[in-house]
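The structure appears below as structure tokens.
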Amino acid sequence: MDELNDLYTDLIMEHSMNSCNKRELECCDYCKMGHNPNCGDEIKLELKMDGDIIDDLAFSGHGCAISQASTSIMIDTLRGKNIHEARKIIETFIGMIKREITDEAELKKLEDAIAFRNVSHMPARVKCALLAWHTIEDMLNERMEGNSDGK
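Structure follows, in structure tokens:
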């Protein structure tokens, strides 16, 4: 039970219940649905770019506290970053959750997203935490491949 309490930190609970990132963008360049069939989490992620800079991100949908908080914290972490920086952060987050990246210096670039490091010890929650991160990774990959019809 202590492990579960550690997982649901105040930060995670705050983002899952009161996220200012849970909204729709007036105008977005890319939009992608993310779905976790294991537990029913579903998000719609909207992305607005300014050249290679992530100008804004927002999400809507429903799911468990972990998926909702992870999405919100991901948005705060990636907003204002260029595509290269964002992809490195995404790679680091996924590596942390899969227990492939444990170096503290490397994990510092995750900012508040490091709050999810204990999810790696709870296999049932891994996909919840990764849903938004895989969704944004797909969006950025599609953009890099030149598929501009992301909506």
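Numbering-wise (the working numbering), the sequence shown opens with residue 41 and increments by one. Each residue gets a CB set at the ideal place from its N, CA and C atoms; glycine is no exception.
Beta-carbon proximity of residue i to residue j, cut-off 7 Å
i: residue 129; j: residue 166; result: no
i: residue 73; j: residue 84; result: yes
i: residue 90; j: residue 122; result: no
Inter-residue Cα distance where the pair is residue i and residue j
i: residue 126; j: residue 79; result: 27 Å
i: residue 67; j: residue 94; result: 13 Å
i: residue 179; j: residue 70; result: 7 Å
i: residue 185; j: residue 86; result: 18 Å
i: residue 120; j: residue 162; result: 31 Å
i: residue 77; j: residue 101; result: 14 Å
Proximity test, Cβ basis, 7 Å: residue i and chain D
i: residue 163; result: Among the chains of the structure shown, chain D does not appear; only one protein chain is present.
6 Å Cβ shell around residue i - same chain, five flanking residues per side excluded
i: residue 103; result: 81
i: residue 106; result: 165, 168, 169
i: residue 140; result: none
Contact belief for residue i with residue j at Cβ below 8 Å, rounded distance in angstroms
i: residue 152; j: residue 116; result: 7 Å
i: residue 52; j: residue 109; result: 4 Å
i: residue 132; j: residue 144; result: At roughly 12 Å, the Cβ-Cβ gap does not stay under 8 Å, so residue 132 and residue 144 are not in contact.
Residues near residue i by beta carbon distance below 7 Å, same chain, minus five either side
i: residue 41; result: Model confidence at residue 41 stands at a pLDDT of 45, short of 50, so the residue's coordinates are unreliable and nothing is read from them.
- Message: Going residue by residue through the stretch 121-185, where are the continuous alpha helix (DSSP H) segments of at least 4 residues, counting only ones entirely within it?
- Response: For the stretch 121-185, whole alpha helix (DSSP H) runs of length 4 or above, ordered along the chain, are 123-137, 144-147, 163-184.
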